[in-house]
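**Student:**
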């Protein structure tokens with residue numbers, strides 16, 4: 019009764035959402051701060067328009083695309099860096115943007131649009147764990163390149179393998195779960211050396227908490243596709259919205275895939291909330307700066323207490339403690355009401371990934387870790 023293809027699937031495992039007690043949730047990289055008041059007000063007003071709820075939404079999400087373009091041109095694609103916008107020498111236009119139901123759906127469309135079944139996609143060994151899931155789902159072979167000893171991407175090996183097989187490249191920047199970011203100049207050097215007729219995908223889910231974005235490179239490189247999300251820096255994980263920014267001709271191809279799968283991926287309320295969020299970006303910029311401040315404070319705390327911590331440009335840290343397994347640290351925190359993330363994956367199983375919360379939440383976690 020069940021199709022044979024299901025035997026090849028290895029589904030993504032999200033961060034747990036237990037309901038047995040109230041937890042401090044630092045395991046899913048959600049934003050520690052709520053959506054802006056303007057978003058809440060916009061949703062309440064929209065919900066009163068019952069006829070709009072009864073009708074289909076705009077299939078191309080045109081109002082959101084314009085709002086996103088305006089927001090990116092203002093911020094330069096990095097909320098935590100006030101100087102990021104100065105590096106944008108051109109204007110992002112709405113026709114460069116495609117929106118979907120969270121960046122996971124957008125990534126699904128990206129994998130279908132740009133990666134073939136007759137050649138492997140090149141990706142890091144340790145990166146966002148949905149990438150291998152989509153490779154299995156769409157029957158796309160993959161070539162997973164081990165990270166360097168310092169946990170950075172092995173750029174030379176990725177390029178070597180991409181050119182050998184004339185393959186596309188995808189990676190998260192900053193990377194997950196390590197939190198390390200390549201500079202824009204490093205990304206540009208990779209694009210120059212990568213196959214020109216293949217897509218070069220940079221997943222910037224966490225870029226707003228870092229220093230730089232690859233968005234300025236879109237002016238020069240038509241094969242560059244930047245994937246972004248509202249879930250992290252825009253406190254939108256519960257609403258679902260993701261998008262890509264790319265050359266308009268490239269974006270048209272993703273629309274073709276969308277229209278062959280789900281004509282209306284962004285609903286009316288999500289559209290309303292997203293536009294309000296973009297127009298209140300100053301609020302989210304302040305939230306991002308608070309998170310970065312807590313990230314640096316928490317990183318210093320861990321190092322002072324003998325932890326190995328990878329310096330992060332995200333809203334989480336990736337760390338390990340000699341003499342303690344990753345699972346032991348995770349279980350100890352959970353018993354005391356704090357959820358952090360442990361990946362039972364060879365090579366990183368001694369680490370835990372800890373989302374940066376509010377000052378009060380991080381103080382509670384510090385007390386737990388001091389008593390390990």
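In my numbering, the protein residues as written are 19 to 390.
Using N, Cα and C, we set each Cβ at its ideal position, and we do this for glycine too.
(1) Could you tell me whether the Cβ atoms of residue 355 and residue 44 are closer together than 7 Å?
(2) In terms of residue numbering, what span does the alpha helix (DSSP H) encompassing residue 198 cover?
(3) Judging by CA-CA distance, which residue of 170, 361, 22 and 147 is the nearest neighbour of residue 126?
(4) Thinking just about the alpha-carbon of each residue, which of 155, 384, 207 and 195 is nearest to the one in residue 23?
(5) Rounded to the nearest angstrom, what separates residue 170 and residue 197 at their Cα positions?
(6) Who are the near neighbours of residue 83 in its chain, counting only those whose CB is closer than 7 Å to its CB and skipping five residues on each side?
(7) If you follow the beta strand (DSSP E) that residue 142 is part of, which residue opens it and which one closes it?
(8) Could you give the residue range of the beta strand (DSSP E) that holds residue 162?
(9) What do you get for residue 364, buried or exposed, if any count of 16 or more other CB atoms within 10 angstroms of its CB means buried?
(10) With distances taken from CA atoms, which of 179, 134, 351 and 241 is nearest residue 267?
(11) Going by the DSSP bridge assignment, what does residue 117 pair with across the sheet?
(12) In three-state DSSP terms, what is residue 223?
(13) Between the Cα of residue 257 and those of 284, 325, 352 and 231, spot the shortest distance and give me the residue it belongs to.
(14) Whole angstroms are fine: how far does the CA of residue 70 sit from the CA of residue 332?
(15) Tell me, which residues are paired with residue 43 by DSSP?
(16) Kindly indicate the opening and closing residues of the beta strand (DSSP E) around residue 269.
(17) Give every residue of the same chain whose Cβ lies closer than 6 Å to the Cβ of residue 194, excluding the five residues on either side of it in the sequence, and list them in chain order.
(18) Taking just the CA atoms, how far does residue 51 sit from residue 383?
(19) Mapping DSSP to helix, strand and coil, what is residue 373?
(20) Three or more C-beta pairs closer than 8 Å, one from the region 120 to 135 and one from the region 274 to 283: is that the case here?
(21) Where does residue 334 sit, in a helix, a strand or coil, going by DSSP?
(22) In three-state DSSP terms, what is residue 31?
(23) Kindly indicate the opening and closing residues of the beta strand (DSSP E) around residue 320.
(24) Using a Cβ distance threshold of 8 Å, determine whether the region 244 to 256 contacts the region 208 to 228, with at least three qualifying pairs required.
(25) With three or more C-beta pairs closer than 8 Å as the rule, is the region 53 to 67 touching the region 86 to 96?
(26) Could you tell me which whole alpha helix (DSSP H) segments of length 4 or greater appear in the region 51 to 93?
(27) Assuming contact is defined by CB atoms lying nearer than 7 Å, are residue 328 and residue 316 in contact in what I supplied?
(28) Tell me the rounded alpha-carbon separation between residue 183 and residue 309.
(29) Go ahead and pull the three-state DSSP assignment for residue 21.
(30) Applying the criterion that 16 or more other CB atoms from any shown protein chain within 10 Å of the CB defines a buried residue, is residue 236 buried or exposed?
(31) Please name the residue, chosen from 128, 31 and 60, that lies closest to residue 288 on a Cα-to-Cα basis.
(32) Tell me which same chain residues have a C-beta within less than 6 Å of the C-beta of residue 265, skipping the five on either side of it?
(33) Quick one: what does DSSP say residue 133 is sitting in, helix, strand or coil?
(34) Quick one: grab the DSSP three-state call for residue 111.
(35) Leaving out the 5 sequence neighbours to the left and right, which residues in its chain are closer than 7 Å to residue 130 when beta-carbon positions are compared?
(36) Throw me the rounded Cβ distance for the residue 49 and residue 185 pair, which I believe falls under 8 Å.
**Tutor:** On the basis of the supplied data:
(1) Stepping through the chain shown from its first residue, residue 355 is reached at position 337. Stepping through the chain shown from its first residue, residue 44 is reached at position 26. Contact: no.
(2) Taking the chain shown and counting its residues from 1, the one referred to as residue 198 is at position 180. From DSSP, residue 198 is part of no alpha helix (DSSP H); its letter is neither H nor E.
(3) Sequence index remark: in the chain shown, residue 126 carries index 108 (1-based). Of the listed residues, the one whose Cα sits closest to residue 126 is 147.
(4) Start at 1 with the first residue of the chain shown, and residue 23 comes out as number 5. Considering only alpha carbons, the answer is 155.
(5) As a position in the chain shown, residue 170 is number 152, starting the count at 1. As a position in the chain shown, residue 197 is number 179, starting the count at 1. Cα to Cα, the separation comes out at about 10 Å.
(6) Here residue 83 is taken as the residue at index 65 of the chain shown, counted from 1. Here the set comprises 112, 115 and 117.
(7) Here residue 142 refers to the residue found at position 124 of the chain shown. Segment 139 to 142, the beta strand (DSSP E) holding residue 142.
(8) As a working mapping, residue 162 is identified with position 144 in the chain shown. Unbroken beta strand (DSSP E) run through residue 162: 160 to 163.
(9) Within the chain shown, the letter at position 346 stands for residue 364. The residue in question, residue 364, is exposed, as its Cβ has fewer than 16 Cβ neighbours within 10 Å.
(10) Against the chain shown, residue 267 aligns to sequence position 249. Comparing Cα-Cα distances from residue 267 to each of 179, 134, 351 and 241, the minimum goes to 241.
(11) Counted from its first residue, the chain shown places residue 117 at position 99. Bridge partners of residue 117: 261.
(12) For the purposes of this step, residue 223 is taken as the residue at position 205 of the chain shown. Residue 223: coil per DSSP, three-state reduction.
(13) To locate residue 257, count along the chain shown from 1; it is residue 239. That would be 284, whose Cα lies nearest to the Cα of residue 257.
(14) Stepping through the chain shown from its first residue, residue 332 is reached at position 314. Stepping through the chain shown from its first residue, residue 70 is reached at position 52. Cα to Cα, residue 332 sits roughly 37 Å from residue 70.
(15) Position 25 of the chain shown, counted from the first residue, corresponds to residue 43. Beta-bridge pairing links residue 43 to 357.
(16) Here the question's residue 269 lines up with position 251 in the chain shown. Segment 266 to 276 is the alpha helix (DSSP H) holding residue 269; no beta strand (DSSP E) there.
(17) As a first step, residue 194 is located in the chain shown; it is residue number 176 there, counting from the start. For residue 194, where only same-chain residues beyond five positions count, the Cβ hits under 6 Å are 146.
(18) For the purposes of this step, residue 383 is taken as residue 365 along the chain shown, with counting starting at 1. For the purposes of this step, residue 51 is taken as residue 33 along the chain shown, with counting starting at 1. About 17 Å.
(19) Taking the first residue of the chain shown as 1, we reach residue 373 at position 355. Of the three classes helix, strand and coil, the one that applies to residue 373 here is strand, per DSSP.
(20) yes
(21) Indexing the chain shown from 1 puts residue 334 at position 316. Strand.
(22) Locating residue 31 in the chain shown gives position 13, where the first residue counts as 1. In this structure, residue 31 counts as coil in the three-state DSSP scheme.
(23) The residue given as residue 320 occupies position 302 in the chain shown. That residue, residue 320, is in no beta strand (DSSP E); its alpha helix (DSSP H) goes 299 to 322.
(24) Between the region 244 to 256 and the region 208 to 228, the count of C-beta pairs closer than 8 Å reaches three or more; the two stretches touch.
(25) no
(26) 55 to 65, 68 to 72 and 80 to 93
(27) Your numbering for residue 328 matches position 310 in the chain shown. Your numbering for residue 316 matches position 298 in the chain shown. Result no, Cβ atoms of residue 328 and residue 316 do not sit closer than 7 Å.
(28) Residue 183 sits at position 165 when you count from the first residue of the chain shown. Residue 309 sits at position 291 when you count from the first residue of the chain shown. Cα to Cα, the separation comes out at about 41 Å.
(29) Here residue 21 corresponds to residue number 3 of the chain shown, with the count starting at 1. Residue state, collapsed to three classes: coil.
(30) Locating residue 236 in the chain shown gives position 218, where the first residue counts as 1. Looking at its Cβ environment, which holds 16 or more other Cβ atoms inside 10 Å, residue 236 is buried.
(31) Sequence index remark: in the chain shown, residue 288 carries index 270 (1-based). Answer by Cα proximity: 60.
(32) Looking up residue 265 in the chain shown gives position 247. These residues qualify, in order along the chain: 240.
(33) Here the question's residue 133 lines up with position 115 in the chain shown. Here residue 133 sits in coil by DSSP.
(34) Taking the first residue of the chain shown as position 1, residue 111 is located at position 93. Residue state, collapsed to three classes: coil.
(35) Here residue 130 corresponds to residue number 112 of the chain shown, with the count starting at 1. Cβ neighbours of residue 130 beyond the five flanking positions: 156 and 275.
(36) If you number the chain shown from 1, residue 49 lands on position 31. If you number the chain shown from 1, residue 185 lands on position 167. Not a contact, Cβ separation roughly 34 Å.
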